[in-house]
Every structure is written in C-alpha cells, then in structure tokens.
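Peer 1: My questions will all concern the structure given below.
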Amino acid sequence: MTHLPRSPSQLVNPLARQRFIGYGTAPGGAAFVGALDAYASSISRLWCPGRRLLSSWAGNAATLRETTGSTEQTFGYGADGYLNTTAIASFLAGAGASAAAHKVIFDQKASGDDLTQTTAASQPLYVSSHSGFNNRACIHLDTVSKGMPSTLDIARPYSILVIEDDDGTPSSLRTITAYSGTSTFENNLICANRSGLSAFRGGVVSTTSTAAACVEIFTGPSSGNHAFYCNGTDITTTGTASGDWRKLAVGRAPGGSEGAITKLFAVIVFNTALSAGDVTALQAILAPASL
Amino acid sequence: MIRFVPASQGEPLTRALWRLAVPDPETGATDKMFEVIDDLQTPSQRWLMVDTTFTIRVHEQAVLDGIADILQPWIEQGYLPADTNTNLAVFVESKRGEMLTVYDAFPQLFKDMSKTTQQMIDAGWLANPEVTP
Chain B
1 MTHLPRSPSQ LVNPLARQRF IGYGTAPGGA AFVGALDAYA SSISRLWCPG RRLLSSWAGN
61 AATLRETTGS TEQTFGYGAD GYLNTTAIAS FLAGAGASAA AHKVIFDQKA SGDDLTQTTA
121 ASQPLYVSSH SGFNNRACIH LDTVSKGMPS TLDIARPYSI LVIEDDDGTP SSLRTITAYS
181 GTSTFENNLI CANRSGLSAF RGGVVSTTST AAACVEIFTG PSSGNHAFYC NGTDITTTGT
241 ASGDWRKLAV GRAPGGSEGA ITKLFAVIVF NTALSAGDVT ALQAILAPAS L
Chain V
292 MIRFVPASQG EPLTRALWRL AVPDPETGAT DKMFEVIDDL QTPSQRWLMV DTTFTIRVHE
352 QAVLDGIADI LQPWIEQGYL PADTNTNLAV FVESKRGEML TVYDAFPQLF KDMSKTTQQM
412 IDAGWLANPE VTP
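Chains as they are written, first to last, in this note's numbering: chain B, 1 to 291; chain V, 292 to 424.
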C-alpha cells in the first residue's frame, strides 16, 4: 500500500494540531487549519456540511430548503470551522419551519461536483446536533428514498471514507451506492450495520457488522483485493478484486430503489488506496466522538 | 412509504406538483417534487416515485394549470370524473397557506393503480437490489 505524501506542516503532531480545530483562529492569530489539510492532495471529493475540513475551501457548506414553505438559503462555516447552525436556526424561525432538507452539499475540494438533489421528496434532512457525532450537525437519510448523487467517475486506486451512524433499522441498506451513465443503478454498497454485509463491490468485501457511530473506509488498490475498515480495524472478510465504482451516490442512486436510513457526517473520496497506517491516522483525526 | 404511481407525463407532472409549493417558475426551474423512474419493461413505463408522507405548504399563489392539463385527457377519455379538475381546484383553493400531504390529493384512480417497491421488484420492473453474502 502507498503511504500518503506528508507535507512539512504535518511534522507537527496531528493530534496536537487537532486541538486547535474548533477554537477558531489558532493562538497568535494564525490562519485556520483544516483537519485534513495534510491529505488535501490525496482527496478527490470532500462533502462534509457539518465541518470545514480543508483550509483551501473558503466556500459555503450547504444549501438548505426549509420544509414548511420551501424557501431556500445557503449557509457557510463559522470561524471555528463548523456549520453556522445559529444562522440556520434563525432562518427556520423566520420561516416558521421546524425542519430543513439538503438541496446542495458543496465539495470542499472545489471541483464543482457538489452533491445536489433537486427533487424535494428525495432531499436528506438537516440535523442541527447529533450525539453520535459529538453534537455536530449532520445529514439524515430518514427514508430509503433519500439520496444525493455525485458525478465523479471513481477509478482505481481509490478509497471512500464515510462517517455515519445508522438509525438501527434493518432496512438501512445502502449508505453509499453506485450508478453508471445517468441513472443505471449498480449493486454496490457501503452501509453500517447492514445485517451480515457492510461492504460489497462486485462481490462480498465484508460481512462484519460495523459499530454504531463509526468511520468506514473502503479501499480499492490499483490491482488486487478491496479492503474495508471500521474505526481503524480491518474487517475485510473476503478477498474480492473485481469491480470499480462508476459514479457514487450518497443514499439512493439514480435508477435505484433504495438508499439507507442513517445519519452521515462526511463522505470523502481519495485518489489513492489508503494504507493501514493512513487508516489509523485518519481515525485519530475523524473519530466520531471528537468531531 | 413509497408508492410508484403510473405517470406517462411524469416529468411535467412532478414539476407541476412542485409549483403548488413554489409557483414562481424562475425559482428552482429544474426542481421537482417526486422522482420519475422508467421501469424495466419493454417498452418501459414511466412512474412517479411518491413518498406518501411528503408534505408541503400550499403557496398562496399556487397554480393548478400544469396538473389540470395533465389530467384533462384522462377526463376526456372517461377514466376520471368530469368534475375532477373543478374539485381539485376547490380543494387546492381551500388549502392555500396550509400544509398538505400531497399523496392525499391524488385521484383515487391513480392510487388504485400504484404499486409498492416490492410489487415493482416482484414484477421484474425494478432492479432487484438484494445482495446476499
């Protein structure tokens, strides 16, 4: 496995650096430091409306539709790097609404491949605070019909990182799905706690159920078998080499009939197959309890 | 719950339904209310993928034109009662500014023709999504 290139800034203990995140400007007035800045060159897409993870992204977090009057507004991150939930609360109060749904989730890599769902009934809900994610805001796929497609064609080598906390329902089936063309569903998945099958791509990759709130990482090397990790532990159960991902969707893919019932904090696509060491390092940075 | 409602005019219908909530055609011009899906039959049939719990607040300026246009041929061919559009207009008028569970307003004929996801899969009209270890 290839280790990710390290930038000079990473010579600083990443966990020590991590402590600055969430407290706005670092001591001495230093600029914002993204928790994943050291991995920026290895990331193809980064969707995380609840938190700004790259300092290179100064754009917005998400466009939300309040579900009462269906007006929309785009929201950004605060100085601390977290979604401006105060502004969202004001927006909802002003509209007399109690809930909102995601219409757009911006890619922090600035690719323009923003997760977008223009069909109102398929838009995942906005959750202002979820205990499984250290009381941070997140995305809620509350029915299997919810989903947001990306247009990225994923090619080997790659890794897909998902931070999720499923709702504990047996029908939680596909957190991440694949499709080809414009709307042809392909039978691939990453899904926390799907009974006896948490990862599949052209064959079983893992039959081990995952933890509740967890970081899942699915890797596809240039050649050879896929691997699947949960909270830093390799839970690959079957050596499956076949298959690529085509396009990725969060929840239900275009042409598919089901997504998942789960809460999501982030979905990140890497342009490399993460090594076990990388997985351990990312787990330390993105552990759900310290988001 | 999801029900698949046959809708040969699925695309204009789902946009027209959304205009009940957001009547301004310039706002979210490509926005829709429900997904439109072509099934696996040959030739394929078009369905509206309806979340039966989905609610909107009917806009004060909501317009019915698009929906009425789609229903009119069904009325003319005798599948729907002649007063369908009139009754629908009265219903929407009564709901202006209020919350509406959209599926409740669907004509019974279409509800009777709708199918569940499992029925669609059993008929071979939707890709079977099951993967087993």
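Idealized CB from N, CA, C, for every residue including glycine.
1. Determine the burial state of Met390/V: buried for a count of at least 16 other Cβ atoms within 10 Å of its Cβ, exposed for fewer.
2. Looking at the secondary structure, which residues open and close the beta strand (DSSP E) in which Arg355/B lies?
3. Check whether the Cβ atoms of His226/B and Gly220/B lie closer than 9 Å to each other.
4. For Ser150/B, count neighbouring Cβ atoms within 10 angstroms of its own Cβ and tell me buried if that reaches 16, exposed if not.
5. If you reduce the DSSP assignment to three classes, tell me which class Met298/B lands in.
6. What first and last residue would you give for the beta strand (DSSP E) that runs through Asp342/V?
7. Inspect the beta-carbon positions of Ile105/B and Ile160/B and report whether they are closer than 9 Å.
8. If contacts are defined as beta-carbon pairs under 8 Å, then Ala307/V and Gly357/V qualify, I think. What distance do you get, rounded to the angstrom?
9. Measure the alpha-carbon distance for Gly22/B versus Ala62/B and round it to whole angstroms.
10. Report yes or no: is there a C-beta of chain V within less than 9 Å of the C-beta of Ala121/B?
11. Closer than 8 Å between beta carbons: that is the criterion. Which residues of the region 143 to 176 of chain B meet it against chain V?
12. What does Phe228/B touch in chain V if you count any residue whose Cβ is under 7 Å from its own?
13. Can you list the residues of chain B that Thr408/V reaches, using a CB-CB cut of under 8 Å?
14. Check the C-beta distance from Lys247/B over to Tyr179/B and give it rounded, since I have them as a contact under 8 Å.
15. Using only CA atoms, which one of Gln410/V, Asp330/V, Leu355/V, Phe295/V lies nearest to Thr377/V?
16. Take the Cβ of Pro27/B as the centre, count every other Cβ of all protein chains shown within 10 Å, and call the residue buried at 16 or more, exposed below.
17. Please go through the same chain and pick out, in chain order, the residues whose beta-carbon is closer than 7 Å to the beta-carbon of Val144/B, but skip the five residues on each side of it.
18. When you compare the CB positions of Leu64/B and Glu72/B, do they come within less than 9 Å of one another, or not?
19. Under the assumption that Thr116/B contacts Lys103/B (Cβ atoms under 8 Å), give the Cβ distance between them as a whole number of angstroms.
Peer 2: So, from the data block:
1. For the purposes of this step, residue 390/V is taken as the residue at position 99 of the second sequence. That one is exposed.
2. A query on residue 355/B cannot be resolved here, the shown segment of chain B reaching from 1 to 291 and no further.
3. Counted from its first residue, the first sequence places residue 226/B at position 226. Counted from its first residue, the first sequence places residue 220/B at position 220. Yes, the pair counts as a contact, with Cβ atoms nearer than the cut-off.
4. Counting from one through the first sequence, the residue named residue 150/B turns up at place 150. So Ser150/B ends up on the buried side.
5. The shown model of chain B, from 1 to 291, leaves out residue 298/B, and the question about it has no answer.
6. Numbered from its first residue, the second sequence carries residue 342/V at position 51. Here the beta strand (DSSP E) through Asp342/V covers 337 to 342.
7. Sequence index remark: in the first sequence, residue 105/B carries index 105 (1-based). Sequence index remark: in the first sequence, residue 160/B carries index 160 (1-based). Note that the C-beta distance between Ile105/B and Ile160/B is not below 9 Å.
8. What you label residue 307/V is simply residue 16 of the second sequence in a count that begins at 1. What you label residue 357/V is simply residue 66 of the second sequence in a count that begins at 1. Rounded to whole angstroms, the Cβ separation of Ala307/V and Gly357/V is 3 Å, and the two are in contact under 8 Å.
9. Your numbering for residue 22/B matches position 22 in the first sequence. Your numbering for residue 62/B matches position 62 in the first sequence. Its pLDDT being 38, under 50, Gly22/B is placed unreliably by the model, and nothing is read from it.
10. Mapped onto the first sequence, residue 121/B falls at position 121. Yes, contact with chain V.
11. Thr143, Val144, Ser145, Leu173, Arg174: these are the residues of the region 143 to 176 of chain B whose beta carbon lies less than 8 Å from some beta carbon of chain V, given in chain order.
12. Here residue 228/B corresponds to residue number 228 of the first sequence, with the count starting at 1. What Phe228/B touches in chain V: nothing, since even the nearest Cβ is about 13 Å away.
13. Here residue 408/V is taken as the residue at index 117 of the second sequence, counted from 1. The answer, in chain order, is Ser257, Glu258.
14. Here residue 247/B refers to the residue found at position 247 when the first sequence is read from its first residue. Here residue 179/B refers to the residue found at position 179 when the first sequence is read from its first residue. About 5 Å separates the two Cβ atoms, so the contact holds.
15. Here residue 377/V corresponds to residue number 86 of the second sequence, with the count starting at 1. Per the Cα distances, Leu355/V.
16. Position 27 of the first sequence, counting from 1, holds the residue named residue 27/B. Model confidence at Pro27/B stands at a pLDDT of 46, short of 50, so the residue's coordinates are unreliable; what they give is reported in the following sentence. With fewer than 16 other Cβ atoms within 10 Å, it is exposed.
17. As a first step, residue 144/B is located in the first sequence; it is residue number 144 there, counting from the start. Within the same chain, Ser171, Leu173, Arg252, Glu258, Gly259, Ala260, Ile261 come within 7 Å of Val144/B by CB-CB distance, once the 5 residues on both sides are set aside.
18. The residue labelled residue 64/B in the question sits at position 64 within the first sequence. The residue labelled residue 72/B in the question sits at position 72 within the first sequence. Yes, the pair counts as a contact, with Cβ atoms nearer than the cut-off.
19. Here residue 116/B corresponds to residue number 116 of the first sequence, with the count starting at 1. Here residue 103/B corresponds to residue number 103 of the first sequence, with the count starting at 1. Yes, they are in contact, since the Cβ atoms of Thr116/B and Lys103/B sit about 7 Å apart, within 8 Å.
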